[in-house]
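Novice: Each residue of the sequence shown is one higher than the last, beginning at 1348 in our numbering.
Every residue, glycine too, gets a C-beta built ideally from N, C-alpha and C.
A single structure is presented below for examination.
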Amino acid sequence: MSSKRKGSKSNSSGKKFKAEKDDFSQSTFEEDLALISEESQSQKTDSQRTDSQDSQLGTLIRNPAEMNNRWTRPALPEIDTTKDAIIFQQTEVDFYTGKPLPGMPGLSTGPSPIVRFYGVTMEGNSVLCHVHGFLPYFYVLAPKNFKIEHCETFRSDLNKVVLSDMRSNKDNITTAVVAVELENKESIYGYHRNTKLPYLRITVALQKLIAPSRRLLERGFECTGYPNKCYNTYESNIDFEVRFMVDTNTVGCNWIELPPNAYNIRNFSSNPSKISRCQLEVDIAYDKFISHQPEGEWDKIAPVRILSFDIECAGRKGIFPEAEKDPIIQIANMVIRQGDKDPFIRNIFTLDTCAPIVGSDVHSYKKEADLLQAWSDFVNQVDADIITGYNIVNFDLPYLLNRATTLKIKRFPFLGRILNEKSTISTTTFQSRAYGKRENKVINIAGTVQFDLLHALLRDYKLRSYTLNSVSYHFLKEQKEDVQHSIITDLQNGNSQTRRRLAVYCMKDAILPLRLLEKLMCIINYMEMARVTGVPLSYLLSRGQQIKVVSQLLRKTKLQDLILPAQKIEAGDEYEGATVIDPIKGYYKMPIATLDFASLYPSIMMAHNLCYTSLLTREAAKEMGQDEYIITPCGHYFVKSNLRKGLLPEILEHLLSARKKAKADLKKETDPFKKKVLDGRQLALKISANSVYGFTGAQVGKLPCLEISSSVTAFGRQMIERTKQLVEDKYNIKNGFKYDSKVIYGDTDSVMVRFGTDSLEESMSLGQEAAAYVSGHFVKPIKLEFEKVYFPYLLISKKRYAGLYYTRTETYDKMDCKGIETVRRDNAPLVAKLINTCLQKLLIDKDPDGAILYTKQVISDLLCNRIDISELVITKELTKTEDEYGAKQAHSVLAEKMKKRDAGSAPKLGDRVPYVIVAGVKGSKAYEKAEDPIYVLENNIPIDTNHYLEHQLMNPLLRIFEPILGENKTQNALFKGEHTRVKTVVTAKVGGLAKFTKKTATCLGCKTVIPKELGNSAVCKHCKPKESALFQKEISSLASLEEKFNKLWTQCQRCQGSFHEDVLCTSRDCSIFYMRKKAQKDLTQQDELISRFGSFSW
């Protein structure tokens, strides 16, 4: 809904909605619903439920046996446990503490961890599998001369210490440390000549006992017969789910097979009894099930059920909805099976009557409590594997739960698949260098993956705005059925037709996330990422990058008896990053060939065997032969692969070879769905390979290693310099070539070469030849590839360039820009528009003079207030509170200001804050002049156009034109002259001086003050003879403004899909919205001005 930042927030008072019986015509979205209904074979034409009659209100049946059959899953087939295997794709993995089951491995008494697989069969049946017998464990280095017969003594002594350390024992744990076993292992950190040492594997009863055990051992522990010692622990920081999945060779979203005679089926009368809503619930030992790797026939995806929903609230005017006071009036639902084109369930739950919606079921209720309970029952019966929507984690779900608490609906919170497990709300703060700081709610819905599309987009895409309206337009080229949130209550209080309008809006908000999931292949891509990295699907949205690499490392270490040290998390030293060859700035009218290293950092790690396991100390290297190790450019030592093959290179080789295979299969595949799966897999493999280097360089991480990360970047810098030398030494006139080549720029993994030729074809040929020549000078698998040619090419500075991108000689692929304001989100749209147009004139039209003239005109329009406010809106993400920023920031200061005006609709952490810079007193800071665009429009506050020229436009324009015109000439040509004259407009209704000023009428002719005796007359007595001409002039202006407003109004009606309805859109991401608001305001002012001529009749 708009008020929860899906659309734009606005406190502006538009036309008050009148709940009249208007002729509501169908929008484009309603036509889509009707078409889906016609195409759906499962839906009957008479299934439309029109609850407009009071007698039908609140008749949603809550008895599962009598509820709508279209909501339920297919019937479960007969299963013979002695003959039939159960095969399902697991979508979620978690664990709980329960009682040991007789006949299962593991503990026989006391509490025990039990893993749960939630999944779906290929037939669409839901499965819950309880896996018994697996216990958490970690390692410590055994004391010197430790003997195997002392394992029980160590266990007993440690058990006593752990039990006595407990403040409470709610789980009635009698045996905390279950077992201590002596195993020969090797630490992953450092080269140890492949020598294994005795380690103690300490198995505990519950995962939560690992932390106190680790603390007690690290603080100092004395085992009988051995001195007191501080033990360093290994793998004591591994999540239980990850540990279980690694040891059982299970990866995220793979297929699980339960063989005959290995499992027991639960029902409500069995012991243990069924505890979930899943159709099939079974128990099995952890060493009895079969985990299929996602290859060949097992790379398929089950018909996973995805529920997308959206809620609407009847808020109070100017106040963001509060669950304690404002009712939920509608909940729209769309349910689709993964792989299907359209949702097979389309319904809406409404408070009070609602007119029918073709292609959808309408369920109406008199009481809000009945509506919420009916929706809870609907969720339970649909039994979705994934629940999605837009901002559902931070708004919809918490609001539903809090509202149900307010209304005291006791049965509502049981939304998960476990019958007696309540859904509760908690708050967490996530912070990383990549994503900044975000506050998120955490809702436990057992067995159901919460895939909030907003969170996925925030992680994977850099957009100027993240409102649902903006995102939908960006990816789908379609927008919401936008309804201004300030009139939602009026629509609800109207009649069944007005509530129908609101329902259509709500349903559009529910189906858009599904369309975005399909368009962006989110579910497939995330499933493939879970399969590649081996972590549960839910981890990918709630956790960072490191857990993915840890999971892959553990799988490799398990095969080689290696273990990971549990290091304390602390910030370390920084290291030098990638090199950048100083650019030779200029506007190149000849082809510039670009040579790129393929997967540079992964290939360096593979070529030079850089890994934890191959790392040497300087002292250890002195005892080895010089041909047995390498010294990296930054002075670190690593053994060669013939002595010890590194784990990280092995992981990277597997990932890159798997990606190569996936890309090859993708080319051969003809089935569209399988092509999407393969494309998602190759993307997941690419991202995983690139994240391995970042894992070693993350100083606040699971296993940082500065020696590896600094060596990788050092090799990269050396290779870039070596490439420059090789190219320039070979491709020159001395060696028989026509021209001397020159590397004009190099950055991280690529170099730009000017071969001197004017021929595009010849430049491509030389680029391919040079790539092969240079590759021969590096250790395999390092490979330099010819990728593209820029022609022409504008090189501005480091990491800032633009050019026409050619991969074939016939025509250019695109205009490619890097680091230039065309792609930056923290600049006003005017900057991107101006720079993009200038680049088109420079690169495509090859018309520098035209670019200069266009720039001058835009500067003139800006200074004369002819630029629409929508072009001046700057957006920045609120990643910290105002106090946490080192210096005051415009967007954070404005967020606090907006919070004081209206706390409910003010931006929150993680939101992008839109603002404009308004005119202020001389010397005032930019953060003091930041203001909400809507507030500026409403109060006629003048824009500080000089700020935009000096701080937004000037530097980007100088960067672009200096390589062409020269430094001195650029400044004079663009920022001096007649086009820089300023038009001052001071008409603000707010501000310090506004309180002490009084507006007086002036003559429309000579601008003199109208005497009091003439009242509000349009002209003074001296201009009375010209009144007719002035009147006609103002009427002409009025007609012009009406025409402009009508065009904008029609554009908005066309966008919303109907020419017969009032425009209710308040999308702040749309430039037309600001234009329409401005035109509406200008029209009102002009109408008031015309009224000064007095009443007249024709």
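By how many angstroms is the C-alpha of D1699 removed from the C-alpha of L1404?
Specialist: Low confidence applies here, because L1404 scores a pLDDT of 42, under 50, leaving its location unreliable and the question unanswered by this model.
Novice: Cβ atoms of F2138 and L2107: under 8 Å apart, would you say?
Specialist: yes
Novice: Based on Cα-Cα distance, which residue from V1818, S1560, I1637 lies nearest to V1598?
Specialist: With distances taken between CA atoms, V1598 lies nearest to I1637 out of V1818, S1560, I1637.
Novice: How would you write the range of the alpha helix (DSSP H) that Q2115 sits in, first residue to last?
Specialist: Where Q2115 is concerned, the enclosing alpha helix (DSSP H) stretches over 2107-2122.
Novice: Under a three-way DSSP split, which group does I2034 fall into?
Specialist: helix
Novice: Relative to the C-alpha of V1478, which residue among A1609, L1556, E1496, N1506 is closest?
Specialist: Checked all of A1609, L1556, E1496, N1506; the closest Cα to V1478 is A1609.
Novice: Which of the three DSSP states, helix, strand or coil, is assigned to D1398?
Specialist: Unreliable positioning characterises D1398 in this predicted model, as indicated by a pLDDT of 37, which lies under 50. A coordinate reading is not provided.
Novice: Which residues mark the beginning and the end of the alpha helix (DSSP H) in which Y1712 is found?
Specialist: Premise fails: Y1712 lies in the beta strand (DSSP E), 1708-1712, not in any alpha helix (DSSP H).
Novice: On the premise that V1440 lies in contact with P1650, defined as a C-beta separation below 8 Å, what is that separation, rounded to the nearest angstrom?
Specialist: Rounded, the Cβ-Cβ distance is 20 Å, inconsistent with contact.
Novice: Check whether the stretch 1695-1709 touches the stretch 1756-1768, counting contact only when three or more Cβ pairs, one atom from each stretch, lie closer than 8 Å.
Specialist: no
Novice: Kindly confirm or deny that the stretch 1479-1495 and the stretch 1550-1562 touch, where touching means at least three C-beta pairs closer than 8 Å.
Specialist: yes
Novice: Can at least three beta-carbon pairs, one atom from the stretch 1875-1894 and one from the stretch 1831-1843, be found at a separation below 8 Å?
Specialist: no
Novice: Determine the contact status of A2273 and I2264, defining contact as a CB-CB distance below 8 Å.
Specialist: yes
Novice: Within its chain, find whatever has a CB closer than 6 Å to the CB of K2235; leave out the 5 residues flanking it on each side and keep chain order.
Specialist: Y2274
Novice: Measure the CB-CB distance between K2269 and D2291 and report whether it falls below 8 Å.
Specialist: no
Novice: Assuming contact is defined by CB atoms lying nearer than 8 Å, are L1906 and C1958 in contact in what I supplied?
Specialist: no
Novice: Would the beta-carbon of V1796 fall within 8 Å of that of I1733?
Specialist: yes
Novice: Hey, Q1892 and K2049: beta-carbon distance below 8 Å or not?
Specialist: no
Novice: Using the three-state DSSP reduction, which class does V1726 fall into: helix, strand or coil?
Specialist: helix
Novice: Please confirm whether L1888 and H1821 have their CB atoms less than 8 Å apart.
Specialist: no
Novice: What are the boundary residues of the alpha helix (DSSP H) that includes K1866?
Specialist: 1843-1867
Novice: Where do the ends of the alpha helix (DSSP H) carrying A2245 lie?
Specialist: The sequence shown places Met at residue 2245, rather than the Ala named in the question. First-last of the alpha helix (DSSP H) with M2245: 2237-2248.
Novice: Helix, strand or coil for I1734? Go by DSSP, reduced to three states.
Specialist: strand
Novice: Take the Cβ of K1895 as the centre, count every other Cβ of all protein chains shown within 10 Å, and call the residue buried at 16 or more, exposed below.
Specialist: buried
Novice: Please list, in chain order, all residues of the same chain as C1660 whose beta carbon is under 8 Å from its beta carbon, the five residues on each side excluded.
Specialist: M1348, S1350, P1668, D1673, P1674, I1675, I1676, Y1746, I1835
Novice: Compute the Euclidean distance between the alpha carbons of A1422 and N1614, then round it to the nearest angstrom.
Specialist: C-alpha separation (whole angstroms): 15 Å.
Novice: Give me the residue from N1579, R2147, P1641, L1815 with the minimum Cα distance to R2028.
Specialist: P1641
Novice: Under 8 Å, do V1927 and D2196 count as touching if we go by C-beta distance?
Specialist: no
Novice: I'd like the list of long-range same chain contacts for G2449, defined as Cβ closer than 6 Å, with 5 residues on each side in sequence excluded.
Specialist: Nothing can be reported for residue 2449, as the shown portion of the chain is limited to 1348 through 2445.
Novice: Does DSSP put F2084 in a helix, in a strand, or in coil?
Specialist: coil
Novice: Are there 16 or more other CB atoms within 10 angstroms of the CB of E2243, so buried, or fewer, so exposed?
Specialist: exposed
Novice: Measuring alpha carbon to alpha carbon, tell me which of Q1899, K2146, R1420, F1798 ends up nearest V1593.
Specialist: Of Q1899, K2146, R1420, F1798, the residue nearest in Cα terms is Q1899.
Novice: Helix, strand or coil: which one does DSSP assign to C1625?
Specialist: coil
Novice: Does DSSP put Q1403 in a helix, a strand or coil?
Specialist: Summary for Q1403: the model assigns pLDDT 39, below 50, so the residue's position carries little reliability, and this model does not support an answer.
Novice: Going by Cα to Cα distance, which pick from N1579, V1729, A1679, Y1712 is closest to I1739?
Specialist: A1679
Novice: How would you write the range of the alpha helix (DSSP H) that G2197 sits in, first residue to last?
Specialist: 2195-2210
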